[in-house]
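Novice: The structure follows.
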Amino acid sequence: DRWVYSTRGLREEGPQEPETPLRQELRVERRRLAGGREVTLIKGFVGRRADLEALARQLRQACATGGSLTPEGILLQGNFVEKVIALLQAQGHKVKRSGG
């Protein structure tokens with residue numbers, strides 16, 4: 134009558150497969166940091182880290198700016214909301230502007 138815990142039969146989830154671009158719903162917002170600096174944040178990417186890094190590299194090059202990956206998403210230095218939205222839509226992503 135003793136309970137035995139087993140994980141046998143439970144499906145382990147492997148790395149998430151990247152969604153097709155049309156199924157990606159990305160959010161783009163402008164944030165103001167300390168000192169009045171502005172950044173553009175792209176959130177909502179689902180997929181492999183390598184794909185996220187490649188997208189970040191493309192956006193940094195297209196906007197001719199610096200940036201980084203954060204736990205929230207891709208951070209670009211400067212206000213590039215409109216340009217980023219246009220670039221992502223051209224790649225087939227669903228993009229929404231969020232924030233003020």
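To convert, count from 1 in the sequence shown and add 133; that's the working numbering.
The beta carbon of each residue, even a glycine, is placed where N, CA and C say it ideally should be.
Kindly confirm or deny that the stretch 216-229 and the stretch 155-170 touch, where touching means at least three C-beta pairs closer than 8 Å.
Specialist: yes
Novice: Taking 7 Å as the limit between beta carbons, can you name the residues of its chain near Leu166, skipping five residues before and five after?
Specialist: The count along the sequence shown starts at 1 and reaches residue 166 at position 33. Once the five neighbours on either side are set aside, the close Cβ partners of Leu166 are Val172.
Novice: According to the neighbour-count rule (16 or more other Cβ atoms, all chains shown, within 10 Å of its Cβ), is Gly200 buried or exposed?
Specialist: Sequence index remark: in the sequence shown, residue 200 carries index 67 (1-based). Buried, since its Cβ has 16 or more Cβ neighbours within 10 Å.
Novice: Identify the continuous alpha helix (DSSP H) that holds Leu188 and give its terminal residues.
Specialist: On the sequence shown, residue 188 is found 55 positions in, with the first residue counted as 1. Run containing Leu188: 182-196, per the alpha helix (DSSP H) assignment.
Novice: Give the DSSP-derived three-state secondary structure of Leu166 in the structure shown.
Specialist: If you number the sequence shown from 1, residue 166 lands on position 33. Here Leu166 carries a coil assignment [DSSP, helix/strand/coil].
Novice: In the DSSP assignment, find the alpha helix (DSSP H) that holds Val214 and state where it starts and stops.
Specialist: Position 81 of the sequence shown, counted from the first residue, corresponds to residue 214. Per DSSP, Val214 belongs to the alpha helix (DSSP H) from 214-223.
Novice: Under DSSP, the beta strand (DSSP E) around Thr173 begins and ends at which residues?
Specialist: Here residue 173 is taken as the residue at index 40 of the sequence shown, counted from 1. Counting along the chain, the beta strand (DSSP E) containing Thr173 begins and ends at 171-176.
Novice: Could you give the distance in angstroms between the alpha-carbon of Gly177 and the alpha-carbon of Arg170?
Specialist: In the sequence shown, the residue the question calls residue 177 occupies position 44. In the sequence shown, the residue the question calls residue 170 occupies position 37. The straight-line gap from Cα to Cα measures roughly 23 Å.
Novice: Thinking C-alpha only, which one of Ile175, Gly232, Gly168 is nearest Thr203?
Specialist: The sequence position of residue 203 within the sequence shown is 70, counting from 1. Ranking Ile175, Gly232, Gly168 by Cα distance to Thr203 puts Ile175 first.
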